[in-house]
Structures are given as structure tokens and as C-alpha cells.
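Residue 607, in full-length UniProt numbering, is where the sequence shown stops; the numbers in between run on with no holes.
C-beta atoms are modelled at their ideal positions from N, C-alpha and C, and glycine is treated no differently.
Worksheet: the structure to be examined is printed underneath.
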Amino acid sequence: MSTVAAKPVPKPKPRAASKPTAVESGVGHIFESRSNKGGDERNTDSFGNYLKTDVRENEEQFEKLSEIIDILVAAGYFRARIKGLSDFDKVVGGMCWCLEMSNIDIDCDLLFNDTLTIGQKIALTEKIVRVLQAMKCPFRLEPHQIQGMDCIHIFPVIQWLVKKTIQFREEMQAYIKLYSVTQFNKNHIDLNLENRKMENMIETTDVYNNPKRKYRHPKKYKINDEKMNVRTTLLEYGAGLMSELKSEASESSNSEDKETAVKSEEPKTIIREMNVENSFRVSAAVIGSIISDKAEEIQVLAEEYAKRQKEMMENSLEMREKTIKSKILETKKAIESAEKQKVVNERDIIKLSDEIEALKSEQSKVSPKIKTQSEEEIEKRKKFILIHDSLQSQKEEYIDFCNQEKIRLQNELKQISKQEVESEDENEIKAEVEREKEKHRKVKLLLAERNKAVAIMQRKLDDIPSRAELSQYQKRFYELYNQVSAKHNETKKFYILYNQLDDTKIHLNKELNLLNSILTNFNQAANNPTIREQFLSQFEQIVGNIKQAKLQIEKRKQMEKMKKDQLNEQYVDLVEKQRLYYKAVKEFTEECRKNEQLIVELQKLSK
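Right under this line is the structure:
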């Protein structure tokens, strides 16, 4: 990785990163044949083939993955049908989409894109798990299961998220439909509604306009006069009462005939004799008199109602203020806990960096041993393992034999002890027993030495990492290298941007000072010819300095362009070497395969 040098400017600037870190330098020679293109996080083997790691490839996993994709597509996430995307992008993108469509208030950013690094992917999976816990998801899911594409455990979570999404979509659909109908009714007239209103109005007018009995004559059946019967019926239904009264009153005033006056009194007497059905109804005049009498009391009650309503509003505002203050306190507490967590995370980062340094030192110790090993040494170790196994079996057989011999000797000892008379060969037997014990002790010591040697050899074999462990180390170091490289490039861009902005600021300040000096001296130069000549000469000198600065900048630009062209040529050469390297490796593997086939055929012919 190239270094970044700060530009020489008058103001002090932050020092740029001069060299790659120890991790970069320690890992760079392992991956010197690979180029870091845009922070690609794919893992490849020595032949350039893509490796899928940390995924249990079985039929059940593939079935669950296909079901997950089908569910996401059915829910409306059509991005999952793109064949060029990886399974991780489809599944995690679908989960982020479901969380966004669920309209859940969360305090994190679930922005997903295709160019995430390993660290950003891990952080995104941790955020997803935290949001699922906040949503009270009934299924437990861990970040490493999402990172490792454990589709068996991801499938029920996806099902639950899709159900929540569809449920919220239906609720939102009903709300939007109701809102749209309300807005339509505000600005447009519903003709059907107007027609229904007219029909209701007609029905009500028919009800009110239909004749309705108001009075009832108590002795109507006794009236024999037909004219009197008609007038009584009309008066019962409230028709012709006022007209009769008015006409009869005018006639009584104009005429002095007493009979006419008697006739005018007949409707009144008939009405008094009738039973009024609505005698208990309150008339409008009575209501008006009540309102006029109680006007002051009604006004006092209205003022008291307004006062109480205002107090309720103030109480609600106080409650809102209290809730806002409590939320502010909770937010401050959350910020303090986040700061504490930040300190803990920084300590963890320091510990992890120390562990990385320790792993690097161990790798530097192990790598020369791995490189110096040959096939002969490996064969020797295999032979030692076989010898260890055979010695282990011999040890077990010997222990069984010793136990049997011990039992036999104990039986013989019991038989000898039962004899009443000691034999003449007792001393010889004791000497033989001592000799056998000494032999047994020596054999046990020899066996212990052999076991110790075997254990030492076993530890040495365990210290040598296997191919799977080496590939895992290689993958992790490659991920670490990509992270450090991406961070270094980002820092480098920030330094370049800072230097550019600082230079722009300096030039703008110079331009501003120059314009201010011209503005202050222009009036004096315009009035005095000598000052004018000095002003013009200074102005020409300033223009010359600006041209020189421009030439220097253009020269510097040409130099940077030449450096860029040289680096591009070096990059093209490296790409060509990489292509030749992969081609040579492919040819070498093909020749190795042919060689193995020929060896097998030769062995068959030799048999």
C-alpha cells in the first residue's frame, strides 16, 4: 500500500499514515498475487475459484433457502429474483425490507447495499437481531446464524416478518382508503348521498304534512247537523280554525246580529269541549320566557364551563410537559449508558488488537516450520504414529499378561504358604521372585520412557496446524487485511480532501486580501498620478506572481499525471502476471492430474 504525504502549507496539518500497519505488512506477502478491487470480500482458493465458507451445504438448507426466496418474492421483495446477487444479499436485504415495511420505531440505521465489508455486514446482522428482540419475535436468532446462512433457523423468522408486513400493509390500506374517501367528500359532492337526503326530506315532509288528529269531540256521535259535523271534524284535525275565528270575528264586528256573534262563539266552545292530545307539550313561548328569565344564570354557567375547559387544557399541557421531561431524562440515561458501552468497546478493541499481535507472532513462528517441512519428515511422523499405536496395543497386551502372571504367582504363593514343611528350595524361589520383580520394574520403566517419547511426539504433531486450520487462518487474515486496507484508503482520501480544502481556503483568503487592498487604494490611485503608477506596477507584479504560481501548479499537475500513468502501467503488468500465474497453476494442476493417472496405470502394470 502506498503512503500518504501531507502537503506543505503554512498552517499545521494532521500527519498522514506513513506506512502500512504491522498486520498489513505481515499479511501482504501471503496475498501478493491478489489485488484489492473495491474491497471485495470474496474468498478464493489458490486457483482463483470462489469458496463458500461457514455454510452447511445439505439438501435441507437449500430447500429452506428456496422457500425463503419464494416467500420474499410473494411478499413483494422482487429483488430476491436477481440471479447475480449472493444468497446473503437476498436474505439480509429481504429482512431489512420487511423491517422497514413493518413501520417499527427503531433507534438504528438498517441501510443495506451490495458493497458492504465483512465488518459492516456483521454490524448489520447485530442490528437486525437487536430489532427483532425489540419487536418481540418469538423465534431466537443469532448474528452468526445470519452471517453463516443457517436457513433452517432463518426461515421461521422470515415467515414471521412477512406476516407482520402483510398485516401492517392491510391496516395501512384501510387507513389510506378511509382518508381518501374523507378528502373526496370534502371537495366533491356525492350525488347518491344528495338523492338519499332528498328522499328522506320528502318522507319527513309527508309525515309532517299528513293530517293528524289534534282534538277529539266528546259527544260527536250526538251531533245531527251535517254542517256542524263537518266543522267539528275540521277542527279536530286543526284545519280552518284560525280562518274561521278571523272571519267570524270580522263578521261579528261588522254585523250587529246577535246570531252571528253566537255562531262565532261556537268554534271556541267546541274546542273547549274537545280533549287536547298534546296538552302536556311545552310551547315555544314558554321556552322563550324560561330562557329570558334564566339568561344571567345560563351566562354564568357558560363562563364556568369555558373556565373549566381551559383548566383541563392547561392540565393536559402540564401532563405533556411532564411526559416530555421524562422522555428527555430517559434519553440522557440512554446516552450515558451508550458512552459507558463505548468505553467498554474501546477496551475490547485494545484487547483484540493485542490478540491479533499475538496471533501474528505465532504465525511468524509457525510459518517457517511449515515451509521447511518436506515429504520425508511427514512420512517419518506417520511412521511414528503407527509405532505409537503398535506400542499402545503391546502395552495393553503386556498389562493383561502381567495381571495373569500376578494372579498365577499369587495362587502359587498361597499353595506354598499352606505347606507345613518348608522345602529346601525356598531360598531359590525367593531369589527367583526378586529377579522377576526386578524384571517387571525395568519393563515398567522402559514402558514409561516409551510412553513419554510418544507423548512428546504427539504434542509436536498437534503443534503443526492442519490444512483446514491453515485455510481458516488464511481466510481470517485476508479479511483483516481487507478491513485495514479499506480503512487506510478511507483515511488517505480524507487527508487528500483536507489538504485540497485547506489550499482552497488559503487561496481564497489571499484573493480576498488582494481585493480589499485594491478597493482601499483605488480611490487614492485614481486621484494621484504617481500613486496610480505605483498601483499599476504593483498590480502587474501581483499578476506576474499569480502566473508563476499557476505555472508551478500546472507543472505539479503534470508530475502527478506522470506518476498516475506509471502506476497504471505497473498495475497492468501486475494484472498480466496474475493472469499468467493462474494460467501456470492451472496447467500445473492438469499435469499433476495426468501424472497421478500415469502413476496409477504404472502400478497396475507392475502388478
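Environment of residue i [buried if 16+ CB atoms lie within 10 Å]
i	result
residue 319	exposed
residue 298	exposed
residue 488	buried
residue 587	exposed
residue 561	exposed
residue 98	buried
residue 78	exposed
residue 127	buried
residue 520	exposed
residue 232	buried
residue 344	exposed
residue 171	exposed
residue 499	buried
residue 262	Confidence is the limiting factor: at residue 262 the pLDDT is only 47, short of 50, which leaves the residue's position unreliable, though a coordinate-based value still follows. Exposed, by the Cβ-count rule.
residue 165	buried
residue 436	exposed
residue 603	exposed
residue 601	exposed
residue 131	buried
residue 482	buried
residue 184	exposed
residue 174	exposed
residue 580	exposed
For residue i, the first and last residue of its enclosing alpha helix (DSSP H)
i	result
residue 471	467-527
residue 227	226-236
Simplified DSSP assignment, three categories, for residue i
i	result
residue 58	coil
residue 607	coil
residue 241	Residue confidence for residue 241 is low, a pLDDT of 48 falling below 50, so the modelled location carries little weight; the figure read from the coordinates is stated next. In the structure shown, residue 241 sits in a helix (DSSP, three-state: H, G or I).
residue 188	coil
residue 385	helix
residue 349	helix
residue 590	helix
residue 599	helix
residue 464	coil
residue 223	coil
residue 258	In this prediction, residue 258 scores a pLDDT of 47, lower than 50, which makes its location untrustworthy; no coordinate-derived value is stated.
residue 329	helix
Residue j beta carbon less than 9 Å from that of residue i
i	j	result
residue 454	residue 391	yes
residue 161	residue 102	yes
residue 135	residue 87	no
residue 158	residue 85	no
residue 124	residue 96	yes
residue 536	residue 525	yes
residue 363	residue 477	yes
residue 636	residue 121	Since the displayed the chain opens at 1 and closes at 607, residue 636 lies outside it and no answer follows.
residue 94	residue 68	yes
residue 518	residue 539	yes
residue 356	residue 480	yes
residue 542	residue 512	no
residue 341	residue 388	no
residue 399	residue 461	no
residue 156	residue 139	yes
residue 609	residue 395	Lying before the first or after the last residue shown, residue 609 is absent from the chain, which here runs from 1 to 607.
Chain D within 9 Å of residue i, Cβ atoms only
i	result
residue 454	Protein chains in the displayed structure number just one, and chain D is not present.
Ranges of the alpha helix (DSSP H) found wholly within the stretch 74-156, counting only runs of at least 4:
Runs of the alpha helix (DSSP H) lying entirely within the stretch 74-156 and spanning at least 4 residues, in chain order: 87-101, 118-134, 143-147.
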